[in-house]
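Participant: Throughout, the working numbering is defined as the position within the sequence shown, counted from one, plus 92. Idealized CB from N, CA, C, for every residue including glycine.
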Amino acid sequence: MYLTMKNIVPITDLQRQARQIISSLAESEEPVVVTQRGRASAVLMTAERYAEIETDLKRLDELELLEMIESSRQDVIEKRVLSHDEVKKRLEFPTEK
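(1) According to the Cβ coordinates, are Val135 and Val101 closer than 7 Å?
(2) Helix, strand or coil: how does DSSP classify Arg172 here?
(3) Using DSSP with H/G/I as helix, E/B as strand and the rest coil, what is Arg129?
(4) Hey, is the stretch 160 to 174 in contact with the stretch 140 to 148, meaning 3+ C-beta pairs nearer than 8 Å?
(5) Give me the Cα-Cα distance between Glu122 and Leu152, rounded to the nearest whole angstrom.
(6) Measuring only the C-alpha atoms, how far is Asp148 from Arg131?
(7) How many angstroms separate the CA atom of Glu144 from the CA atom of Glu170?
(8) Taking all protein chains shown into account, decide if Val173 is buried (16 or more other Cβ within 10 angstroms of its Cβ) or exposed.
(9) Just the Cα atoms here: how many angstroms apart are Lys180 and Glu154?
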């Protein structure tokens with residue numbers, strides 16, 4: 093995973109300067125990447141920004157569901173569907189005699 097964020101803080105600095113680092117989140121609106129052993133291990137962001145991301149993700153889920161429903165409706169209109177019996181037939185395994 094490649095991160096292009098400017099604010100990168102080693103975990104030891106976070107332990108020593110947590111108050112300052114968290115205060116800087118509100119000022120810059122940039123997330124802070126916390127590294128451990130030289131690798132990104134966590135991302136700090138304001139609670140407000142996190143809530144925005146959660147809302148955006150829920151909306152994307154809703155849009156994806158709406159798109160799937162519309163696609164299914166189009167399949168029904170264009171008769172690209174199978175009956176329940178046809179599905180069962182396709183899923184049956186031949187029995188050994």
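Facilitator: Answer, in terms of the structure:
(1) no
(2) The DSSP-derived three-state label of Arg172 is coil.
(3) coil
(4) no
(5) 23 Å
(6) The alpha-carbon separation between Asp148 and Arg131 amounts to approximately 28 Å.
(7) If I take the Cα positions, the gap works out to 39 Å.
(8) exposed
(9) 31 Å
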